[in-house]
Every structure is written in structure tokens, then in C-alpha cells.
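Protein chains in written order, with the working numbering: chain A, 1 to 198; chain B, 1001 to 1375; chain C, 2001 to 2057; chain D, 3001 to 3543. For each residue, glycine too, the CB sits at the ideal point set by N, CA and C. Bear in mind that the values here come from a model prediction, so they are computed numbers and not experimental data. The structure appears below as C-alpha cells.
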Amino acid sequence: MSSRDEQSAGREGVRRTVTRTLVVLAGMFVFAFALVPLYDVFCDLTGLNGKTSAKAQPLVEQEVDASRTVTVQFITRGSQGLPWHLEVDTRQIRLHPGQREEVFFTFRNNGDATTRARAVPSVSPSAASLHLRKLTCFCFQEQQLAAGERLEAPLVFQLTRDLPPDIKTVTLVYTLYPVSSTTAEVARRGSITEGDSA
Amino acid sequence: MRRLLMWMAVGVTLAALTPMVLANGWNMPEGVTAVSRDIYSLHMIIFWICVVIGVIVFGAMFYSLFRYRHSRGAKAATFHEHTSVEVIWTAIPLLILVAMAVPATATLKTMYDPSEADLDVMVTGQQWRWRYDYLGEDVAFTSNLSTSREQISGTSEKGENYLLEVDEPLVLPVGQKVRLLLTSDDVIHSWWVPELAVKQDAVPGFVNENWVRIDEPGIYRGQCAELCGRNHGFMPVVVEAVEPERFDEWMAQRKEAAQQEAMSADREWGLDELMARGEQTYGAVCAACHQPDGSGSPPAFPALAGNQTLLDEPDRHISTVIDGVAGSAMPAFRNTLSPVEIAAVITYERNAWGNEAGDTVQPSEIAERLAAQDE
Amino acid sequence: MWQAIKSVLAAFLGVQKDERRREDFRSERPGTFIAAGLIVGVIFVLLVAFVAVMAAR
Amino acid sequence: MASQLPPKPTLQHSTTTAGGMAEAGHSRPRGMMRWLLTTNHKEIGTLYLLFSLTMFFIGGIFALVVRAELFQPGLQLVQPEFFNQMTTMHGLIMVFGAIMPAFVGLANWMVPLQIGAPDMALPRLNNFSFWLLPVAFLLLLSTLLMPGGGPNFGWTFYAPLSTTYAPPSTSFFILSLHLAGISSILGAINIIATILNLRAPGMRLMDMPLFVWTWLITAFLLIAVMPVLAGVITMMLMDINFGTSFFNAAGGGDPVLFQHLFWFFGHPEVYIMILPAFGIVSAIIPTFSRKRLFGYASMVYATAAIAILSFMVWAHHMFIVGLPLVAELFFMYTTMLIAVPTGVKVFNWVATMFRGSISFEPPMLFALAFVVQFTVGGFSGLMLAIAPADFQYHDTYFVVAHFHYVLVPGALFAILAGAYYWLPKWTGHYPPLRLSQWHFWLSVIGVNLTFFPMHFSGLAGMPRRIPDYALQFADFNLASSLGGFLFGASQLLFVLVIIKCVRGGEKAPAKAWEGAEDLEWSVPSPAPLHTFETPPTFHPREH
């Protein structure tokens, strides 16, 4: 084989290598963005970050496990820049796995303008989030309240019987966040598919 | 030869340092909980494993360096692989690692014990202080750095607990399991007390859980461990562990004091009174960002001295303090400060450093505003 | 393929006979080794995950 | 055979034409233009190395600002916000501006020489990927002068501190990181293409010197993870400017997701900074032991194993972020397993020295210091892998000590070792011996004085990234600061060594070191601008 052939073979090889690496490169860039929904799916499956499902789930018809009692705590938090108040009618309930429960939350806008906000839920221990089924929740979409307006909204939920036996206390925290116009767009787009209840 | 002596000197120095590692203040504290002692022993086991491996490997290396020096006329051998030796030195570390993983797994499992707690405390990180809510007790307060600015700038002598002291420590009963729920109002913080071996991130919008059962009464100090902005180095954690009876007493006192504070909101306060109280509150919670002289550090932290918006719009001033500003370091103080404190600090800001609003904001006014919200 | 998997396993441990290695590299077929590497990688992850799940019980 | 070789399509020709500076007799552009337009791998290598040396001193000055502030308790020199900018910039510049470009520079110089190639596969791309760097880092440095200051959220830029709460200059920081990332990616593509296609006839993959091998694997790591970094910072950019909520809890995002993505890039990135170092040390130790590298094959396999494992351990940086038990266990186990291939490497180096014939020229001194101190960093890494213990170590100076041991007497010493090793090839002169020895010993003392006490201050409870600290940490910090200044000052000696070495000194033959075997030693010293225009015939050593 003459050297010239080797040279052109080398050139051909370089082109092939570059094409392949570029494909891998593009693939990895797409993969990085794909990791975002993948992470959500992974969290849904494993309860990794203690987020609850953003959609209403049907009640699982099952017998109440009267042999176990679990404490469920409710914590509400405000956040800066939002003159709203969120209150829960009971801070703590004790229930049996499988039982359906209803708790009422009250929103109030103390500001002097109409504003929108969203209550972001978080569950601890995170493993419990897999077994917490919300039939109705105000957290599925954002709320809009006029100045001084009040809104009472129920949370209907169930802890399924397959809740790991060592979990004795489940804490459910709602943090109110203001929804600015841009994030509202995004949030709305995200929640359009949920034909839900509130 | 000289090189060799130098190497030996390095070796001897390292060897001499080893016992010092065990001395107090040089090593991880053993701590005052069962978990912290477990962690300490894991730490020491893995440390000694490393020391032993290090002695063997470096021993072999320095032996070779000494024994097979070119200057000594060493002739190089030609071997360059030996499968069984390679298998052995792959397998042995693997076994050591497995042996190490067993106790580590056990410790980790005890740390994840979700059994019921005697007391639940919610810990909220905030730029740059901690807030503690005793769940179900209606007792909540913030814990601010109490080291004076003079000590930090060096104009006065630094105290014993420099940067590790707060105005109000977290008080916990000994012998009881305390569950800590951690979250944050702004950026990620991390709550850490070495003696309790609790370090857990406080993530905005999410709750983390940890627990502690303290064996001995005492004061345990730690710091925020996650970079959280300007004053990351100035948000200490102080835990005061007391006997359960003392804890109950403290809780009762706390509640009474809160009641009195609430009562005092009803009366009319004078400008001087409010200014005095306001200066105190300002120093504890506001001065870190807005500076003691109200000059702030723009653009992140606006100046308050000579701030026209502040002077012209008292209502906006009040709502900013109560509700905070979204997406900034300005937190909402509605739950953090009492009506008296909020009124005092606003009055102070409106009348200090050359600001001459002349008006007072009465605690009753603030209390009313907050009550409307709580109803 | 089996040969490739064996070689990849050896690679994971970082131990390989020179002879075997030379044979591997004579076969100028990197595809097989990449595939074997991926398979062994996935098996490895599943294995460690399984151990972790078991240990967490 | 050589007689029938056609004229080489030398790439220099095309550049000179492209530059519009072509003159009769192929005279090359002079002065600035020569360096601006060069496509010669040696010149670009030199540019990379000089750039990284400059960045090393800039990053070093930032580190000294940090050390000066921490010299004693209290705030003396700088305000906390500036302190945070200094720690952040120090990290960013050292990682992306000093260590990585230094390795790319060494690859540019040495990979073609070691595989018998005339140049890199894509010379013009090579020029472009270098010149992106000064642009990127000028932009990064200029953020310090912008209102609100430069990046102040640590080199790991955790959201939301780096998004919602970031200074206004953050978009520029993201842009500069994008540029640096593109530069790394292009460099990696070039290196892969060169290694896979331009090897001398007869050189199979398993005949390549280890430096080439480690760089091949490193380049694959770069290709795999730099796009992830690009993705993460693009998401940040969108969160900051376009109101998305990837990492913002208020809009339904998750700040912890940022950490998962960042460390999915970040952990392989850590190995990107150490694998080429393994390659350099694996070249130097056999040379000065006058004995072949022990376990060549297992070295290659161990490098590959480390690279693959690096994708499975990222969450060990996140043990305290609130992971479920199973995740903690998984990442603890995988992290501990990394110790196995890493151990194999260290054992192989020691076995290479065993029954060798060892001499202690400056490159060997740095390589030996690398082995010892990298291993010290490895030990603290093993300690950090134990998740429960990590709860105490995490985000303390113990971690700072760990990664500085791996990066300074680790990666940096390997780069210095490589520089001393190849300086005769680059300049034709041996580095001045006395001065080199002074440089070495002062560096070793400085490094250990700086970073060893950090183990203690960390264990005693000092968090990282704080501008002021409690009184019980004062002695450790005093020692660290003194050591830091000693180390910083002693690096000036290195500059002196380079200047002297370029100017003159003892002449080096083609094979500058008695025990050196690879192809680069078959070309004259200094290496002429064009080498291996005729591919050398490579004779694999009989194994």
C-alpha cells in the first residue's frame, strides 16, 4: 500500500471518527435534558425527593388496616414576597392505613392586590410519598385570590396499606410560592392536562 | 544520601503527627449520641486501615528507592508482570472494602430509623439565621449570631465562642428522641452540629428529616455547612441540651414570655422606647445585610439610610418587612419577629442614621395587621 | 462474545494476562468489546443496586 | 521506501495561505500573527501550556487572597462577598483554566510525538479550540468588575444560589463556561481522531504509551460529560432569563436535580483531571527506574475501569442532601469500589520501582511525590466514601484537604513532572538542576504545610467556604496560610527554570533520559517544528 493511500485512508478514518464523536456529543446533550423528565419519573417510582404526584389519583378500595396507626402532620409555610396566609384546620391526625381522610386548608390574601400563588407539597420521609394518594388537592394547580379574599380547600387523601411498616409519622409540608407571570405560563402549561377537582 | 535523609525526615514528621491526630481538637469529636460514637469508630477504623496500607505501600516504595538506587550500581530486573501477584493485590483490597462496608451499612441503617419521636422540631434555614419551630407547642424563634461586629472587625477582643454563639439556642431535652424536619426559605443551607453528628441539607421547597437523641446535657456548637451566600460563615447553630424537667420549665417560660410580648403590643409605645428596642432587633437581624449604619451593600442589599421610597411609603415599608421580597434575600418576618419587634425595627429604620420620618409605627397596628391574617 | 465478556470482566478488576490481552487486541473488533463493556456495566450496576436493596432491608 | 513518499500535504502551507501571509519560500507569518494562526501541534501545545501557566498564577493569586484573609480570625482584608468571589474564581480558573488546558497542551505536544504522527488530525480546529480559551477566561475574569461582582456561589454553583439569588453577571459566567466547554470538546474530538487514525504503522492500541492511552480515555470522558455540563448551564440560563423552573421549587422544579446533573458531569470531570496525570507518571517512573512499567495491560484496564465507575458514583457528593437509604448504600458501595483499580495503579508503580535502577532527576522527584501524596488524597477519599462518616466530613476542610491533595500534589505535580521530563525535548536543554531541586523541595514543603493541617481543621469542625472562623481553628489556618504563600512563591522558581531552560543550559541529546523508550525520544532535541512527516516504523517491544 502506498503512503498516499494510507494518507487518504487516514483522512477517511478521521472523518469517520469525527462524525461518530459528534453523534455521541449530540446524544449526550439531548440526554442531559432528557434527564430532567427521567428524574421525575424516577422520583415517581421511588419517592426519591418526597414530591407527591401532581395529579389526582383514584382511591384504592382496600380494607382499613386497623392494627396500625400512623400520625400525619400538616405544616404550612409562607414565603417571602407573598402576603398570603395558609392555615390548616388540624395540625395532626392519626389514622389507619387504607383509611380515607379529609383535611381543610384556608388560603387568605392579606395584600391589597390580586395575586396568584401555588402551594408546593413535600413529604417526609420521602419513601412515604409513594404511598400517599391524593384524591383532591389544592396543590394540583395555582390559586388566584383578590385582595382580602379567602378560600377554603380540602385535601382528600389516603395512605395505602403497603406503607412500609416502620413509618410511624408522615409529615406533609405545603409551601406557598408566589407565581410570577412568566412562571405562571409554565405552570399553566404543566397543569392543563389535569382535569381535576380542587 | 542527603536526599534520603530528607525523605526520612518527611516520614518521621508524618509518623510524629499520627499520635497528635488523636489529641483533642485535632480529630473528629466523639460526640454525645450513640450515632456520633458509631461514626467516630467507623472514622477511626478506616483511618487505621489507611495508615496500615500506607505503611506497607510507602514502606515498599521507600525500600525500593533506597535499595535499588542507580547511584549504588543497581541493575534493573526485566520482569514486568505477574498475574498471581496482581490478582492478590486486587482481591485483598476488595476484601478489606467488604469488611468495611458491613459496619458502615449497619450505622447507616440506625441513622435511618424512622421510629416515633418524642419531640418534633422544624428547622428552617434563612439567609442567614436559623428558625426553630417546636411543632405542636406553638413555640418558635429565630437564632441569630450574637458575636459583635467589633469582634469580627478586630476592634474588640474576640470571645471564647467567637462566631459560634447565638442570641437564642435551640433547647432540647436529653435522652429523648428529637425529630428534626429541615427546610429552607431561600437557598440551600446545611444544619450541622459535630458533637451530635447531624449534618443535613435544608433545601427550599423540600423537607428533610433527621433525628437526634442526646445523651449528656451541655452546649453543642456547629455552623451552616453549605455555602449560602454572603454571611454563610456567620450563621452558627447552638444546641443546649438539658434534663427533661428543665426542658419543660424552659418551655413554660418561653410560652409565658411570648404571651407577655403579645400583651405589650396592646399599649401605646413612645418613640424612644421603640427606637431602643428597634436598635436591638436591627442589630440582631438586619445589620448583617443592611449594615449597622443602614448603608446596605447595593445592588443586593439596598441602603436604608436616606432611602426615599422607605420614607415616603410607610405602608410599603411595613409590608416589605412583614412579607419579604420574592426572589431576593429579604425574608418575610411575619412569623419570625413579634409585633413589638416589627414595629420597633420599622420605627428605628425610619428615624435612625439621619432618616427623619418622625413617625412611630405602633405594635398594636402591626398586631392588628397580623391578626387579620391569622384569623 | 463470551470471550469478550471475560476480557471486560478482567478489565473491571484491572488484571489481565498479557497473552490474553494481545489476543483481544488482535481481533480489531472494538464493537464487540464496547457491547460487552456496556452489558457488564449494566449488570454491575444492577448487582450493586441489588446488594444495596438487600442491605437496606 | 522513503524514496517513494509523496510530498506531504503539510497543513502549515494551507494556514499560511489562509492567513494571507504567504510569501515565496514558505516563510511563515511572523510575530503575533504566527501565534494567532498557527496550526502546528507543537506551537499550539506551547500556547496551551503558557495559557495554563498564566491561569495558574491568576488562580493562585485568588487563592492567596483567600489564604491571606484566613491568616487569622476576624475579617481583615476583604468583605465576605468578595471572599466568596475569590473562592469561586479560584476553583473555576484552576479547574477549567489551569489543569485542563495544561493536560491538553501536553497532549498537543506529546501525543503526535508519541504515536509517530506528523500533527494532530484536525490542525485548524486545534487552533480554534485554543483561541476560545483566552476569550472565555477574559470574559470570566471581567465579571469581577461587573456590578454585583463575579460568580460568588462556589465552583459547583449550586442552584438556587446560582440562579434566583445570583449576581447579575451570572449569564456571562454561563457564557464563558460554554466557551471553555466547547474548547474542551473540540480538543477531545481532535485527540480521539489523532490517536485512532494517525498512529505510526505497526503501532496497535495496546502498544501505545500510557499517556496516550489515558488521554484517549479522558477524551471519551470529555465527550460524554461536557455536553451534560452544557445542558445544566443552559437550564440555569433559562431559569435566570426565561422564567423556567428547572431548579426552582417555586415553579415545581427541584434544586437537588441541579446537584444530580452537576455531579453526573462533575465526578467524571474529576477523573478528567487525574487520568492524564496517571499517564505521565507511568511514563516517568519506568524511565528513571530503567525498567519496564509493571502491568501495562492492567494499567490500561484500571484506567478504563476508573472511567466507567466514574459515571456510577456521582451522588457521593450528595450524601447529606437527603437521599433514601438505598441510594446512600448504592453510592457508598460503588465509591468504595473505585479504590480497587486506583490501588492497582499505585501497586503497579511501586512494583515498577522494585528491583529497578533508580535515579532521582527532577521529573522523577515530582513523580515520586505524586505517588505518595496522591495516595494520601486517595486515602482521605476512601474515608469520605464511607457515607456515615461523610456526614461529619462533608463540606468541611477535610474535603478541601482531600481534593487539594488529589489535584495539587496530584494533578499539578504530574504536570510539573511532565514539564521537567519533556523540557529537554521542547527546548533542547536540560532544566537547571539546582534550581529544579529547590523548586521541588519548596513545593513539597509548601503543599504539605498548606493542605495537611486542613485535615485537622476539617475534622475539628471547620466548614469550607467561610471567610472567618472560630478561634480553635486559628493555628491550623495560620500554618495553611504560611504554606500557601511558600508554595505560591516557590512556583516563581518554576518560571525561572523555564526561562533559563529556553535560554540555554546543558544540551540534551535526542534521547534525553537514559531509560526513556517512547517514540518522542527518537526525534532530535529540541524537536523540530515538523516531525514524523515520514511515519516512523514502529517496532513493538517483544512482550
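If you check the beta carbons only, do residue i and residue j fall under 8 Å apart?
| i | j | result |
| --- | --- | --- |
| SER79/A | TYR177/A | yes |
| PRO1236/B | GLY1218/B | no |
| PRO3268/D | PHE3330/D | no |
| TRP1269/B | THR1336/B | no |
| ALA3277/D | THR3194/D | no |
| PHE3157/D | TRP1089/B | no |
| ALA3474/D | PRO3073/D | yes |
| THR3537/D | GLY3202/D | yes |
| THR3088/D | ASN3152/D | yes |
| LEU3407/D | VAL3497/D | no |
| ASP3390/D | LEU3382/D | no |
| VAL36/A | PHE3265/D | no |
How should residue i be labelled, buried or exposed, when 16 other C-beta atoms within 10 angstroms of its C-beta is the threshold for buried?
| i | result |
| --- | --- |
| ASP1138/B | exposed |
| PRO3535/D | buried |
| ALA3297/D | buried |
| ASN3126/D | buried |
| THR3334/D | buried |
| MET3235/D | buried |
| ILE3174/D | buried |
| SER3003/D | Bear in mind that the predicted position of SER3003/D carries a pLDDT of just 38, short of 50, making it unreliable; the figure below should be weighed with that in mind. Result: exposed. |
| HIS3429/D | buried |
Can you give the Cα-Cα distance for residue i and residue j, rounded to whole angstroms?
| i | j | result |
| --- | --- | --- |
| GLN1176/B | VAL1207/B | 22 Å |
| LEU3416/D | PHE3366/D | 7 Å |
| SER3183/D | VAL3104/D | 10 Å |
| GLN2003/C | LEU3309/D | 22 Å |
| ALA3022/D | VAL3495/D | In this prediction, ALA3022/D has a pLDDT of 37, which is less than 50 and means its spatial position is unreliable; what the coordinates show is noted afterwards. Each residue's Cα considered, the two are about 34 Å apart. |
| ILE3285/D | MET3110/D | 17 Å |
| THR114/A | GLU149/A | 9 Å |
| GLY1278/B | ARG1179/B | 34 Å |
| ILE3466/D | GLY1233/B | 5 Å |
| VAL1339/B | GLN1127/B | Going by the sequence as given, residue 1339/B is Pro instead of Val. Taking the straight line joining both Cα atoms gives about 21 Å. |
| ASN3241/D | PRO3160/D | 14 Å |
| GLU3533/D | LEU3519/D | 14 Å |
| ILE1092/B | HIS3317/D | 27 Å |
According to DSSP, what are the bridge partners of residue i?
| i | result |
| --- | --- |
| ARG94/A | THR71/A |
| ASN1210/B | LEU1180/B |
| ILE961/B | Outside the displayed span of chain B (1001 to 1375) sits residue 961/B, for which this structure offers no information. |
Which residue from the options puts its Cα closest to that of residue i?
| i | options | result |
| --- | --- | --- |
| VAL72/A | ARG150/A, HIS131/A, VAL179/A, GLU12/A | HIS131/A |
| THR136/A | ALA147/A, GLN158/A, ARG16/A | GLN158/A |
| GLU1157/B | SER1148/B, GLU1226/B, TRP1211/B | SER1148/B |
| TRP1211/B | THR1155/B, VAL1121/B, TYR1220/B, PRO1244/B | VAL1121/B |
| GLU1368/B | VAL1321/B, VAL1087/B, ALA1265/B | ALA1265/B |
| GLY3515/D | ALA3527/D, MET3353/D, MET3383/D | MET3353/D |
| TYR1068/B | TYR3333/D, LEU3141/D, GLY3356/D | GLY3356/D |
| ASN3190/D | VAL3135/D, PRO3112/D, VAL3502/D, TYR3421/D | PRO3112/D |
| ASP1167/B | VAL1239/B, LEU1135/B, SER1153/B, GLU1261/B | VAL1239/B |
| SER1364/B | ALA1326/B, LEU1274/B, THR1281/B, VAL1285/B | LEU1274/B |
| TYR1220/B | GLY1233/B, ARG1213/B, PRO1194/B, PHE1234/B | PRO1194/B |
| CYS1286/B | VAL1051/B, MET1111/B, ILE1346/B, LEU1310/B | ILE1346/B |
| SER1071/B | THR3450/D, LEU3186/D, PHE3360/D | PHE3360/D |
| TYR1162/B | LEU1170/B, GLN1151/B, ALA1305/B | GLN1151/B |
| ILE1342/B | ASP1248/B, HIS1317/B, ASN1307/B | HIS1317/B |
| GLY3484/D | VAL3078/D, ALA3401/D, GLU3517/D | ALA3401/D |
| VAL3523/D | TRP3422/D, PRO3432/D, VAL3444/D | TRP3422/D |
| TYR1282/B | PRO1299/B, LEU1311/B, VAL1321/B | VAL1321/B |
| ALA34/A | LEU3257/D, TYR3271/D, ALA3249/D | LEU3257/D |
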